[in-house]
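**Q**
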Amino acid sequence: MAEKGALFDLDGVLIDSSPFHFASWVKLGEEIGFTMTPELFRQTFGRRNDAILRRFIPDATNEQIAAWSERKEALYRQLAAGKLTPLPGARELVRALKGAGFRLAIASSTPHQNIAFALEQIGMADAFDALVGAEDVTKGKPDPEVFLTAAKRLGVPPERCIVFEDAIAGVIAAKRGGMKCVAVTTTNPRDALVEAGADLVVDSLSELSLERLTALQC
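Heads up: the sequence shown at position 214 corresponds to 454 in the numbering used here, and the numbers run straight through without jumps.
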């Protein structure tokens, strides 16, 4: 039987970290001189920090962008420490997919330090066969590079992969990569996720079954 892959975004799919990310962007903005609003946060959620920062401060140097990005993530980990929990159905779905022979990966725009931090906190540090983060790609979502890199590391062809996403940019990236995409309405409305191209939209990972996911690959 051909290998099957399940590629998970992290924030908004396995954990609801958005309140802590928003608070860290607000704090960083206060420190260096920009204002992150709830609407701008929603529009940019799931994108790489460098792209978000250049939207606010387009003439910043690469060194400034890198330093601010590190500061933002340090603020996030400080705010989120001890407060992250898996979203409903996340632990059960990961366990079921692993038991069914799927190869599992995290494919996220967040840095590796954040990925390790989150997975440790929710007790899923050993659940994944590959971790792909911001340091592993040069182009952020909606470019499919992060998902194609994850599929390659798993040794699974893109057409045999299912992506689990919550961001519009992530859904678009999955489809551009030739993969099926299940979208969760954690951070975006159902209509917007459908319009972006999601093959299946659910309000919670707990709605999913192996039969439902297997049908997507047929």
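Glycine residues also receive a C-beta, built at the ideal position from the N, C-alpha and C atoms.
Distance check for P326 and M241, CA to CA, integer angstroms please.
**A** Here residue 241 is taken as the residue at index 1 of the sequence shown, counted from 1. Here residue 326 is taken as the residue at index 86 of the sequence shown, counted from 1. Any reading at M241 must be qualified, since the residue scores a pLDDT of 49, below 50, and its modelled position is unreliable; no value is offered.
**Q** Please list the terminal residues of the continuous beta strand (DSSP E) segment that includes K244.
**A** Position 4 of the sequence shown, counted from the start, is the residue given in the question as residue 244. Residues K244 to F248.
**Q** I'd like the list of long-range same chain contacts for G380, defined as Cβ closer than 7 angstroms, with 5 residues on each side in sequence excluded.
**A** Numbered from its first residue, the sequence shown carries residue 380 at position 140. Within the same chain, G380 has close Cβ partners R287, R288, A291 and S349.
**Q** Spatial neighbours of V396 within its chain, please: CB distance less than 7 angstroms, with the 5 preceding and 5 following residues excluded, ordered by chain position.
**A** Here the question's residue 396 lines up with position 156 in the sequence shown. If we look at V396 and ignore the five residues flanking it on each side, its Cβ neighbours are E243, K244, G245 and R343.
**Q** Would you say the segment 247-255 touches the segment 419-428, given that touching needs at least three Cβ pairs under 8 angstroms?
**A** The segment 247-255 vs the segment 419-428: in contact.
**Q** Quick one: is D406 buried, meaning 16 or more other Cβ sit within 10 Å of its Cβ, or exposed?
**A** Indexing the sequence shown from 1 puts residue 406 at position 166. By the neighbour-count rule (16 or more Cβ atoms within 10 Å), D406 is buried.
**Q** Tell me which residue opens and which closes the beta strand (DSSP E) that K420 is part of.
**A** Here the question's residue 420 lines up with position 180 in the sequence shown. K420 -> beta strand (DSSP E) spans K420 to V424.
**Q** For the ligand GDP, is there any heavy atom lying closer than 7 angstroms to the beta carbon of D251?
**A** What this structure holds is no ligand at all, so the ligand GDP is not there to describe.
**Q** Would you mind sorting P384 into buried or exposed? The rule is 16 or more other CB atoms within 10 Å of its CB.
**A** Residue 384 sits at position 144 when you count from the first residue of the sequence shown. Answer is buried; the Cβ neighbour count reaches 16.
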